[in-house]
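Chemist: Could you have a look at this structure, given as structure tokens, before my questions?
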Amino acid sequence: MRSYFVMNGELVPHEQGRLSVLDRGGSYGDGLFETLRVEEGVPLFVDDHFARLEEGANVLRFSKVPSRSELMKGMKRIIQANQVNQGYLRLTLTRGQGGFGQLLSHLSKPTWWVMAQEHVLDQKRYREGISATFVSIQKNPRSPLSGVKSLNYLESILAREEALEKGREEGLMLTTEGKLCEGASANLFLVRGERLITPSLNQGPLPGTVRKWVLRQAQELGMVVEEREVEPEECYQVDESFFTNSTWGPFPCVRIGEHTFADGQPGIVTRRMMDAWIKAVKQEVRSNF
Ligand SMILES: Cc1ncc(COP(=O)(O)O)c(C=O)c1O
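Residue 0 is where the sequence shown starts when you use numbering that gives the first Met the number 0, and the numbers rise one by one after that.
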């Protein structure tokens, strides 16, 4: 099957997708991206992703951002063209072309493109969980880029690489102050009894869309939610842990470093979250048909 991109609103065959060498996305990482899950051909929780993209564009002082309806049209078009039923969609936005030394406000022609691809989730991850390790990459909570899903994604890439080298699926990054921050590509949650613990946003993790959903869900389940500074040692004192991101939703982590949680099986709260997520996804699909 032929595969396509939508580039600035136009459908282009995959092999003809081109980014100018003058584009600031390539030259400076001057841009943002969002990865969304697609279920039954429907992109999920788009408003949360648009809100984060707009927030990031604000921090990066973009003078122009394509409208939500324009982006939505492109997203629907690519899902249809690539016949994606269950998979992911990536939306990338750069500041566009422009020389060095110009005021950023003069650059008002952003570049954007969308790709989407079938990707069926391997259920083994939910049944067995993953294992994580601490990595040497640190996140600076004081950086203006902390919390922005920018094209400067190399900390995450290096964190993932280090974890894979150690034979683990996910790398856990600390902050420059030595507190827990997040996984290479996911937010981290710890569970102790009826308490749900996660690093607060002022610790510099990405404000994950699924993180936000989990925090709401935990409150509905009557759990005590603690968003705060978290010491790395706390990982060894809790009953269970799980990660969240848009591709997978909540998924269990059964081992961090040399510590295995309980009996090495996904915990009860994690399983409850995964069940609730499946329901939320079904509801989201129904309400968008
Ligand atoms: C570094 C990082 N943290 C957290 C997340 C989770 O964000 P979301 O739940 O919006 O996918 C991601 C997602 O890709 C990520 O890359």
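Heads up, the beta-carbon is just placed ideally off N, CA and C, and yes, glycines get one too. Just so it is clear, the structure is predicted and the values come from calculations on it, not from any experiment.
Determine the contact status of residue 101 and residue 21, defining contact as a CB-CB distance below 8 Å.
Modeler: no
Chemist: Measure the Cβ-Cβ separation of residue 62 and residue 106 and say whether it is below 8 Å.
Modeler: yes
Chemist: Could you check whether the Cβ of residue 254 sits closer than 7 Å to any heavy atom belonging to ligand 1?
Modeler: no
Chemist: So, at 8 Å on beta carbons, what are the nonlocal neighbours of residue 7 in its own chain, with the 5 sequence-adjacent residues on each side left out?
Modeler: 110, 111, 112
Chemist: What did DSSP end up calling residue 122 once you bin it into helix, strand or coil?
Modeler: coil
Chemist: Cutting at 8 Å between CB atoms, please list the residues of its own chain near residue 29, excluding the five before and the five after it.
Modeler: 23, 59, 93, 94, 150
Chemist: Measuring CB atoms only, is the segment 134-149 touching the segment 202-213, in the sense that at least three cross pairs come out at less than 8 Å?
Modeler: Yes, the segment 134-149 is in contact with the segment 202-213.
Chemist: In the DSSP assignment, find the alpha helix (DSSP H) that holds residue 106 and state where it starts and stops.
Modeler: That residue, residue 106, is in no alpha helix (DSSP H); it is neither H nor E in DSSP.
Chemist: Need the endpoints of the beta strand (DSSP E) that residue 6 sits in, please.
Modeler: 3-6
Chemist: Examine the Cβ distances between the segment 82-89 and the segment 39-50 and report whether three or more of them are shorter than 8 Å.
Modeler: yes
Chemist: Which whole-angstrom value is the C-beta distance of residue 236 and residue 253, which I expect to be below 8 Å?
Modeler: A Cβ-Cβ separation of about 16 Å leaves residue 236 out of contact with residue 253 under the 8 Å criterion.
Chemist: Please state if the CB of residue 89 and the CB of residue 10 are separated by a distance shorter than 8 Å.
Modeler: no
Chemist: List the residues that DSSP assigns as beta-bridge partners of residue 345.
Modeler: This structure cannot settle anything about residue 345, because the visible part of the chain is limited to 0 through 288.
Chemist: Relative to the C-alpha of residue 158, which residue among 133, 146, 48 is closest?
Modeler: When C-alpha distances from residue 158 are compared across 133, 146, 48, the shortest belongs to 133.
Chemist: For residue 103, collect the residues of the same chain with a Cβ closer than 6 Å to its Cβ; drop the 5 residues on either side in sequence, then sort them by chain order.
Modeler: If we look at residue 103 and ignore the five residues flanking it on each side, its Cβ neighbours are 60.
Chemist: Would you say residue 44 and residue 70 are within 8 Å of each other, going by their C-beta atoms?
Modeler: no
Chemist: Are residue 184 and residue 244 touching if we call contact CB-CB under 8 Å?
Modeler: yes
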